[in-house]
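Here is the structure we will look at, set down as structure tokens.
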Amino acid sequence: MKELKEDRHLAQTLLVILLMLCVKTVVFGQNNSLKKETDALTKSEKTIDPTRQAAREQLNLLVDELKQIDDLRRSLPIVELVVKKLSPQRPDRCRELLESLFAKFEDQLEQQEKKSGNKNIRYFEEMNLRSLIRIAGKFDAGLAQKFIEISTSNKRYSQLTSKSDASFSLAKDLINDDPNFAVSVANQAIGKQFTTKSLEFIGSLRNKDQALAKAYLLTLMRSLEMRKYPSVNELLLLYSYIFLSKKVPYYETDGRLYSLMNVMYGDQLERQTIDLDLARQYLRLSIKILLQQERYFVTPPLADAKSDLTFINFILPLVIQHTPSLVDALSERKSAIGASLDPAARTSSEGMVEHFQASQKSNNVNEKFNDDVGEQIEKGSYAQERKDQLYYEAAQQAVEAEKFATALDLAGKISVSKLREKAKNFILFDIAQKEISDGKIEDARHRIPEMSDLLIKAYILTLSAIAYIENKNQSKDLQRANEILVEVSGIASDLSPGLEKLSILSGISAAYSRYDTGLALEYLSRSIQIAEKMEDFKGDLGINQVLQLNNFRYIKTPYLNNLTLYEALANLGRRDFNTAISEARRIRNPIAKAKAIVCVCEPIL
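Each residue of the sequence shown is one higher than the one before, counting from 1081 in our numbering.
So, in structure tokens, the structure goes:
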């Protein structure tokens, strides 16, 4: 009965969202009669651009190719772009594509039922379902409703979504297109549990519209007050948002305080400042909830003494700082709870909070860099592996503070020579990117001889070349750019065919595509020749460079999202569409080919 109720609740939630989509969304494929008449009139009055027509026909052909790709995780971002660009002229083909891919998703999900459970597989299935519904919702709310009705009527789908997460996930996906509508979707989950999906939504909303995010948060906090019994973890998640904590605290059932991983809400925290008004309201709400002793007696129990004590220890310094009039009430509550616990439990609670807050200082934004951090690490009673990790993290902070010499000095203190060299390359990588973005191209170039990692060296050189290309002093700067790109080509020539060489040559092509079509095509052709011979090439460029310290992995991936063959194709397509599309269709891997075709067509349409 419980599962049935949950499924019904989820169905109701998703259907409410879809009703809103029906009201709000102006779908690409379902224009009203007036708009159709206007479009028809416009077509008769204007000459159709042959290049645009050719681009649409390429996307139309691509529909059948996309239907054959089984890897939905990689193909759906491409599908979304195709539907966006093709739907005004060919809504029938877009509907056909989405229905075909949803049927494929159903078949794949059925096959997974026959295999043992795998959390990673389940995660990707959930992402695929969300993506399909989101794409369909932007195209035609009726089609999205059909997908949701299928997914909520079948028990196998119930494990892919939770009660409030469906609303917040969809709302997050809608933020860029229409933040106000995204909030109206998220409002359907007001009164439900505040989860990591909720945190990701409101964090993304703040990046887009701070005032709207604040208004939504105030509504959310009022709903928490009305609920009376939110969990400590809900309050901890809100703490992360309000106090700009990159570490997200979470109290586990084993009585320990952890930092959650893979919560994607903090990518722009450095641009934010703490809203003191929100901070005070949050602290008042938290204390009001903590003082409600009946929380211990509901069924199932929503609180216990140790979790409350841990949370009190967590917020007490903030209460002293921001709401001192409430310190006495909170301290009294702390004493009462502490008296009910044994000394070991009290000590454990205080120790966990102290440990978390100490580690948090090195991760919070707007924190002034401590020049003595290296000396403090050296004097600390840490194992050597932990010291090495702390040196590297301190070096990263020094880069953010633009204390580059200090950053390199800290990286140089790592005890193991191979790890020290890798860390130095990572820090040089970060420093050079900062200098290039600040217009200090020569400073970045002077760091090149210190780099021993060829991929990082080639990437930074190519970035430098592009910076010169985009400068105003064209003749002098283009000469410098050419010299640098010749140097990068020399690095590539020393490598055997593979992803590393492919990435570097693609970067050269992307740079030349800004001003020299002939050389751009030459390097693009060489890149595609390498890709055609790689059996495992699926369209992803860049190679993870991994530094592992104290069982923590730090990753840099040059050429992952820029300086790619796709960027080169997009630039070339604007100048010579037919040649660019021919090069794109030479790519053998279906996913890489589809992505390349879309990159050529998208700027044209």
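For every residue, glycine included, the Cβ atom is placed at its ideal position computed from N, Cα and C.
All values derive from a computational prediction rather than experimental measurement.
N- and C-terminal bounds of the alpha helix (DSSP H) containing residue i
{"i": "Tyr-1309", "result": "Segment: none, Tyr-1309 is in no alpha helix (DSSP H) and carries neither H nor E."}
{"i": "Leu-1582", "result": "1579-1592"}
{"i": "Asn-1505", "result": "1497-1517"}
{"i": "Thr-1597", "result": "1597-1613"}
{"i": "Ala-1538", "result": "1534-1549"}
{"i": "Gly-1619", "result": "From DSSP, Gly-1619 is part of no alpha helix (DSSP H); its letter is neither H nor E."}
{"i": "Asp-1661", "result": "The sequence as given places Ile at residue 1661; Asp does not occur at that position. Where Ile-1661 is concerned, the enclosing alpha helix (DSSP H) stretches over 1657-1665."}
{"i": "Ala-1524", "result": "1521-1526"}
{"i": "Ser-1461", "result": "Here Ser-1461 belongs to no alpha helix (DSSP H), and DSSP marks it neither H nor E."}
{"i": "Pro-1259", "result": "1259-1266"}
Which listed residue (the options) has its alpha carbon closest to that of residue i
{"i": "Leu-1152", "options": "Ala-1183, Glu-1563 and Tyr-1548", "result": "Ala-1183"}
{"i": "Leu-1212", "options": "Leu-1363, Tyr-1539, Ala-1660 and Cys-1174", "result": "Cys-1174"}
{"i": "Asn-1546", "options": "Lys-1368, Asp-1533 and Val-1568", "result": "The identity of residue 1546 in the sequence shown is Ile, whereas the question assumes Asn. Among Lys-1368, Asp-1533 and Val-1568, the Cα nearest to that of Ile-1546 is on Val-1568."}
{"i": "Gln-1275", "options": "Pro-1329, Cys-1679 and Cys-1681", "result": "The sequence shown places Thr at residue 1275, rather than the Gln named in the question. Closest by alpha carbon: Pro-1329."}
{"i": "Leu-1340", "options": "Lys-1327, Ile-1215, Thr-1333 and Arg-1525", "result": "Lys-1327"}
{"i": "Asp-1510", "options": "Asp-1357, Ile-1255, Val-1479 and Leu-1601", "result": "Val-1479"}
{"i": "Gln-1477", "options": "Gln-1513, Leu-1142, Ala-1572 and Asn-1450", "result": "Asn-1450"}
{"i": "Leu-1410", "options": "Val-1496, Ala-1672, Leu-1365 and Gly-1622", "result": "Leu-1365"}
{"i": "Asp-1384", "options": "Tyr-1296, Pro-1310, Gln-1348 and Ile-1540", "result": "Pro-1310"}
{"i": "Ala-1475", "options": "Leu-1643, Arg-1351, Ala-1463 and Phe-1506", "result": "Phe-1506"}
{"i": "Thr-1486", "options": "Asp-1620, Tyr-1472, Ile-1549 and Glu-1612", "result": "Tyr-1472"}
{"i": "Leu-1286", "options": "Ala-1538, Ile-1255, Gln-1192 and Asn-1208", "result": "One detail in the question is off: residue 1286 reads as Arg in this sequence, not Leu. If we check each option's Cα against that of Arg-1286, Ile-1255 comes out closest."}
{"i": "Ala-1134", "options": "Lys-1165, Glu-1612 and Leu-1146", "result": "Lys-1165"}
{"i": "Ser-1231", "options": "Ile-1270, Glu-1186, Ile-1528 and Phe-1248", "result": "Glu-1186"}
{"i": "Ile-1677", "options": "Val-1143, Ala-1425, Asp-1172 and Gln-1625", "result": "Val-1143"}
{"i": "Asp-1518", "options": "Leu-1534, Ser-1532 and Ser-1544", "result": "Ser-1544"}
{"i": "Phe-1219", "options": "Gln-1169, Leu-1649 and Asn-1260", "result": "Gln-1169"}
{"i": "Ala-1266", "options": "Asp-1258, Leu-1250, Asp-1257 and Gln-1273", "result": "Leu-1250"}
{"i": "Tyr-1592", "options": "Ile-1564, Ser-1573 and Ile-1610", "result": "Ile-1564"}
{"i": "Ser-1691", "options": "Lys-1556, Met-1614, Ile-1282 and Leu-1601", "result": "Examination of residue 1691 is not possible in this model, given that the chain is present from 1081 through 1685 alone."}
{"i": "Lys-1537", "options": "Asp-1620, Lys-1636, Gly-1598 and Leu-1470", "result": "Lys-1636"}
{"i": "Lys-1504", "options": "Glu-1515, Phe-1484 and Ile-1516", "result": "Phe-1484"}
{"i": "Arg-1500", "options": "Ile-1158, Ser-1278 and Lys-1467", "result": "Lys-1467"}
{"i": "Ser-1589", "options": "Leu-1337, Ser-1320 and Tyr-1639", "result": "Tyr-1639"}
{"i": "Ala-1524", "options": "Leu-1535, Leu-1534, Asp-1533 and Ala-1512", "result": "Ala-1512"}
Supposed close pair residue i, residue j - CB separation, criterion 8 Å
{"i": "Glu-1530", "j": "Leu-1508", "result": "6 Å"}
{"i": "Ser-1387", "j": "Val-1312", "result": "5 Å"}
{"i": "Ala-1216", "j": "Leu-1178", "result": "5 Å"}
{"i": "Lys-1252", "j": "Glu-1305", "result": "Actually they do not touch by this definition, with Cβ atoms about 24 Å apart."}
{"i": "Ser-1495", "j": "Gln-1464", "result": "6 Å"}
{"i": "Thr-1299", "j": "Ile-1322", "result": "Not confirmed; about 15 Å, so no contact."}
{"i": "Ile-1667", "j": "Val-1680", "result": "Not confirmed; about 11 Å, so no contact."}
Beta strand (DSSP E) segment containing residue i, residue limits
{"i": "Pro-1329", "result": "1328-1331"}
{"i": "Ile-1635", "result": "1632-1636"}
{"i": "Tyr-1362", "result": "No beta strand (DSSP E) contains Tyr-1362, which is instead part of the alpha helix (DSSP H) from 1356-1370."}
{"i": "Tyr-1338", "result": "1337-1340"}
Three-way DSSP call (helix, strand, coil) for residue i in this model
{"i": "Ser-1411", "result": "helix"}
{"i": "Ser-1405", "result": "helix"}
{"i": "Ser-1325", "result": "coil"}
{"i": "Gln-1625", "result": "strand"}
{"i": "Thr-1275", "result": "coil"}
{"i": "Glu-1482", "result": "coil"}
{"i": "Pro-1670", "result": "helix"}
{"i": "Gly-1431", "result": "helix"}
{"i": "Gln-1352", "result": "coil"}
{"i": "Pro-1529", "result": "helix"}
{"i": "Lys-1218", "result": "helix"}
{"i": "Leu-1685", "result": "coil"}
{"i": "Gly-1570", "result": "helix"}
{"i": "Lys-1493", "result": "coil"}
{"i": "Met-1301", "result": "helix"}
{"i": "Ser-1231", "result": "helix"}
{"i": "Thr-1644", "result": "coil"}
{"i": "Asp-1289", "result": "coil"}
{"i": "Val-1343", "result": "coil"}
{"i": "Ser-1639", "result": "Before going further, note that residue 1639 is Tyr rather than Ser in the sequence given. Coil."}
{"i": "Ala-1676", "result": "helix"}
{"i": "Ile-1255", "result": "coil"}
Subject >> Ranges of the alpha helix (DSSP H) found wholly within the segment 1138-1197, counting only runs of at least 4 >> reply: Secondary structure in the segment 1138-1197: the alpha helix (DSSP H) runs of 4 residues or longer, each lying completely within the stretch, are 1152-1166 and 1171-1193 in chain order.
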